Structures are given as structure tokens and as C-alpha cells.
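All remarks here apply to the structure that follows.
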Amino acid sequence: MDIIQIADALAAKLITGTFSQSFTPVRTVFPNFELKELAALKVTIVPRSVDSSIVTRVSEQDDYVIDIGVQKKLTDNFEAEIEALISFVTEIKDFLKLKHLTMTTRVAMWINTKIDPIYSREHIAGDNVFTSVITVTYRMVG
1192 MDIIQIADAL
1202 AAKLITGTFS
1212 QSFTPVRTVF
1222 PNFELKELAA
1232 LKVTIVPRSV
1242 DSSIVTRVSE
1252 QDDYVIDIGV
1262 QKKLTDNFEA
1272 EIEALISFVT
1282 EIKDFLKLKH
1292 LTMTTRVAMW
1302 INTKIDPIYS
1312 REHIAGDNVF
1322 TSVITVTYRM
1332 VG
């Protein structure tokens, strides 16, 4: 299985959820946005890494790590916006918990989700942009 297929399946899964903020997840391998593009909420799915290991003498497992970037240029009321975006990021984390990704012939099992840090203070201080990265790991055994 290709990590791009896993990332695409994750983007498709997010479309099925109900969240406090509306968005369209976009899978990309190079997330690079101008500040003006971040006036609207951006949710970007980015393949990060694959870790393969032996399970038995005849089978292996692959752990696929995918990052979900959440970005938005903040307005003057940034304190309230940051709190709302933190809640939104937590909604995504909770939505993905225990949800596997079903592709045509295989299933990628959800392993864990991590948000660390919950947002980038540097991006807020520098460009007034909320940035959070949710890291999700899926496993396929075969």
C-alpha cells in the first residue's frame, strides 16, 4: 500500500465528519501557502513517514504516519479565534480515534493520534497565523 493512498483515504474520511468549522481537506506533498490564502481555514493532509518491521517470519507490518495541518490567519479577536481553533483541532482528533481507513482491498488500522504542541506560538507571534499539526498513525499488516 502506498502512503499517498493512505493520505487520500484519510482526507476522504474527514469529509464524512461533522465539525464546528467547515473545511475541505486537501492532500498535498508540499504544503506551502501565502498568507492571503490562509484567510480561510486550511486543512492539509501530508504524508510524513513509513516504518516497516517484521511481525512473524512470513509477515510484516507498515506504520504510516500522516500529518494533518490546520492553519488560519487570525483577525483582531485572535484570543477567541485561537480557543475555537483549539476546539476544532480536538474535534478532528476525537473523530479519528479508533476509526480505520478502508481502501479497495485493505484496511489501515488506526494506532494513535498526537497533537504536540496544540499550536505553534512562533507562527502566531511571527505572522499571526494559527498552525496546528495533528499526527495520525495507521498500521497495515500483511
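In the numbering used here, the protein residues as written are 1192 to 1333. The beta-carbon is built from N, C-alpha and C at its ideal position, and this holds for glycine as well. Small disclaimer: the values here were computed from a predicted structure and weren't measured.
- Note that the C-beta distance between residue 1280 and residue 1309 is below 8 Å.
- In this structure, the alpha-carbon of residue 1198 lies about 7 Å from that of residue 1237.
- Beta-bridge partners assigned by DSSP to residue 1324: 1260.
- Take the alpha-carbon of residue 1330 and the one of residue 1293: they are about 12 Å apart.
- DSSP, read as helix, strand or coil, puts residue 1302 in strand.
- Ranked by Cα distance from residue 1218, the first of 1204, 1295 and 1320 is 1204.
- Annotation for residue 1281: the continuous alpha helix (DSSP H) segment containing it runs 1269-1287.
- Taking residue 1244 as the centre and dropping the five residues before and after it, the same chain places the C-beta of 1251 and 1252 closer than 7 Å to its C-beta, in chain order.
- When only Cα atoms are considered, residue 1224 and residue 1249 end up about 44 Å apart.
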